[in-house]
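Before any comments, here is the structure.
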DNA sequence: GCGAATTAGTCACCTTCTGCGACTAAAGTC
DNA sequence: GACTTTAGTCGCAGAAGGTGACTAATTCGC
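Chains as they are written, first to last, in the numbering used here: chain H, 1 to 223; chain Z, 1001 to 1223.
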């Protein structure tokens, strides 16, 4: 994928770029330059003086030509044998991009997460970890908005949440919670999509934190 | 701290070991072997074939002589210049140990998190990240129990939660939530501590998950 | 021994939150 | 114009959560 002789660093930076189509999550993979049947996550060996995050951003730039707004580190992965870079450890970053604006460069393709080609065990672990990270961050961070275009209908937003959470949501409850969080604001545009009543377009409204308090909840997920 | 000539790996594994006294969190630091005025997190350069987690566990063994039940990786840290190991990147692990059973070996000391000695920027970032991780994991994972001895009173448990959450909790609400989560079981022991009515001792009751469902909550923490 | 102080543990009330069905609104289809 | 489809809202019933007041069991001071 990249010249590996420049500086044999014993770690690499790998990027799990995620986008969402109508009802599927997709991950960007790069065609292996030597064995063109194989695919791998975009990765990069950090150059001297290049921070981890910068390396991740560069890897994304090579793949998409643009940078996602905000990449999040999801950990260092060391187990598993083979990795394209032959590095001992890979630091994985997660990036979210709206599907509309995400056209990969030559050699890169989106794969549905449900239908990935074979990957190295290490990279497969990264993809799984990325999926978990997205789910767990869902109600802590505005993840869904980073996967949607600038304006969107509330139905689209709800569908995105349903996709990310993996379950159906009740429309009225969803909108009530959304209102309480004060997270979106209406635009004065409407979109008519096929049949049915046109939907109002909304935009994400980043705001100072609200809801300062709330008690304990022992919603433990694992024993 | 450790022989660095054996194998110059460009990354190290650092451990943020956390314990909790009555009303303070504390972190284990190691006295620097060359400059005995300086302190650092316990760390280790992974040997060949040593996984990241094993390296972290070994580092803890050297420091405490025992292993915490479960270490969690909190990320790879690359920015900031100086690090004891002179490595480019450090992978940080978080371990929780009950204060009662945590007697450090010679050269290691617990420091209150509010009163840490100077650390390298990178290690300071690790400690801060560890604190954030603990808070965010609080209602996802039984963090508090890993900081308490096997049996404890509900008041102790509540105090631990108050310490970790950084705010007071109402006794009745706390216990109601605890009951609903089915997370502790009473022992038949009671402990009389100074004045006041003796408290019943409880133990942690790991269990299959409950509460399978719940709607969305936009409890966003940042804009 | 006895009341005050202290800590443990529970109850009941009221408010807020949440699941959910039923409703109205505005478009297209035939 | 009746029917279908999607958007958007209302309001109730029940669950969850915040809080003060209560009972219980012990030590302390006298």
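All C-beta atoms, glycine included, are put in the ideal place defined by N, C-alpha and C.
Residues near residue i by beta carbon distance below 7 Å, same chain, minus five either side
i	result
residue 102 of chain H	19 and 64
residue 55 of chain H	13, 44 and 46
residue 1137 of chain Z	1143
residue 148 of chain H	98, 156, 157 and 160
Backbone CA spacing between residue i and residue j [nearest angstrom]
i	j	result
residue 1161 of chain Z	residue 115 of chain H	42 Å
residue 58 of chain H	residue 108 of chain H	15 Å
residue 1125 of chain Z	residue 1198 of chain Z	42 Å
residue 17 of chain H	residue 1061 of chain Z	37 Å
residue 32 of chain H	residue 39 of chain H	5 Å
residue 1023 of chain Z	residue 1013 of chain Z	29 Å
residue 46 of chain H	residue 1070 of chain Z	31 Å
residue 961 of chain Z	residue 1152 of chain Z	The structure shown does not extend to residue 961 of chain Z, since chain Z is modelled only from 1001 to 1223, so the question has no answer here.
residue 1113 of chain Z	residue 112 of chain H	44 Å
residue 186 of chain H	residue 145 of chain H	14 Å
residue 1048 of chain Z	residue 141 of chain H	38 Å
residue 34 of chain H	residue 25 of chain H	28 Å
residue 1195 of chain Z	residue 1165 of chain Z	27 Å
residue 206 of chain H	residue 181 of chain H	11 Å
residue 216 of chain H	residue 1129 of chain Z	22 Å
residue 1122 of chain Z	residue 75 of chain H	16 Å
residue 1037 of chain Z	residue 1015 of chain Z	20 Å
residue 1174 of chain Z	residue 11 of chain H	45 Å
residue 1191 of chain Z	residue 1163 of chain Z	22 Å
residue 169 of chain H	residue 150 of chain H	23 Å
residue 118 of chain H	residue 29 of chain H	11 Å
residue 1091 of chain Z	residue 90 of chain H	11 Å
residue 88 of chain H	residue 1053 of chain Z	13 Å
residue 1139 of chain Z	residue 93 of chain H	25 Å
residue 110 of chain H	residue 176 of chain H	34 Å
residue 100 of chain H	residue 1131 of chain Z	37 Å
residue 1135 of chain Z	residue 135 of chain H	18 Å
residue 193 of chain H	residue 167 of chain H	24 Å
Residue i beta carbon near the ligand SAM (any heavy atom closer than 8 Å)
i	result
residue 1102 of chain Z	Because no ligand of any kind appears in the structure shown, any question about the ligand SAM cannot be addressed here.
Pair within 9 Å by beta-carbon distance, residue i and residue j
i	j	result
residue 189 of chain H	residue 200 of chain H	yes
residue 78 of chain H	residue 1155 of chain Z	no
residue 218 of chain H	residue 157 of chain H	no
residue 1133 of chain Z	residue 1072 of chain Z	yes
residue 1127 of chain Z	residue 1041 of chain Z	yes
residue 143 of chain H	residue 96 of chain H	yes
Residues near residue i in its chain [Cβ-Cβ closer than 8 Å; skip 5 each side]
i	result
residue 1067 of chain Z	1057, 1060 and 1061
residue 105 of chain H	62, 63, 64 and 65
residue 172 of chain H	none
Cut-off 6 Å between Cβ atoms - residues of its own chain near residue i, not counting five sequence neighbours on either side
i	result
residue 1223 of chain Z	In this predicted model, residue 1223 of chain Z has a pLDDT of only 46, less than 50, meaning its place in the structure is not dependable; the value taken from the coordinates is given anyway. Once the five neighbours on either side are set aside, residue 1223 of chain Z has no close Cβ partner at all.
residue 7 of chain H	Annotation note: pLDDT 37 at residue 7 of chain H (below 50); position unreliable, no value reported.
Starting from the N-terminal side, write out each stretch of the beta strand (DSSP E) that is 3 residues or longer and does not extend beyond the segment 1087-1160 of chain Z. Listed in chain order, they are 1089-1096, 1108-1112 and 1151-1153.
Which runs of the alpha helix (DSSP H) at least 4 residues long sit entirely within the segment 30-67 of chain H? Give them in chain order. Taken in chain order, the complete alpha helix (DSSP H) segments of 4 or more residues contained in the segment 30-67 of chain H are 52-64.
Any residues in the segment 94-109 of chain H with a beta carbon nearer than 8 Å to a beta carbon of chain Z? Which ones, in chain order? Going along the segment 94-109 of chain H in chain order, one finds no residue with a Cβ nearer than 8 Å to chain Z.
Give the residues from the segment 15-34 of chain H that approach chain Z closer than 7 Å (Cβ to any Cβ), ordered along the chain. Look at the segment 15-34 of chain H: it has no residue with a C-beta under 7 Å from a C-beta of chain Z.
Give the residues from the segment 1057-1091 of chain Z that approach chain H closer than 7 Å (Cβ to any Cβ), ordered along the chain. Within the segment 1057-1091 of chain Z, the qualifying residues are 1073, 1075, 1076, 1078, 1079, 1089 and 1091.
Of the residues that make up the segment 176-188 of chain H, which ones have a beta carbon closer than 8 Å to any beta carbon in chain Z? So the close ones are 177, 178, 180, 181 and 183.
Below 8 Å between beta carbons is the criterion; list the residues of the segment 120-135 of chain H that meet it against any residue of chain Z, in chain order. Answer set for the segment 120-135 of chain H: empty.
Select from the segment 134-152 of chain H all residues with a C-beta closer than 9 Å to any C-beta belonging to chain Z, and list them in chain order. When C-beta distances to chain Z are compared with 9 Å, the residues of the segment 134-152 of chain H below that value are 136, 138, 139, 140, 141 and 142, in chain order.
Please list the residues of the segment 1042-1054 of chain Z that have a C-beta atom closer than 7 Å to any C-beta atom in chain H, keeping them in chain order. Residues 1051 and 1052.
Ignoring anything shorter than 4 residues, give me the alpha helix (DSSP H) runs that lie fully in the segment 1153-1206 of chain Z, in order along the chain. Runs found: 1154-1165 and 1171-1181.
Interface positions of the segment 1161-1172 of chain Z facing chain H (Cβ-Cβ less than 9 Å), listed along the chain: Of all residues in the segment 1161-1172 of chain Z, 1161, 1165, 1167, 1169 and 1170 have a Cβ within less than 9 Å of some Cβ in chain H.
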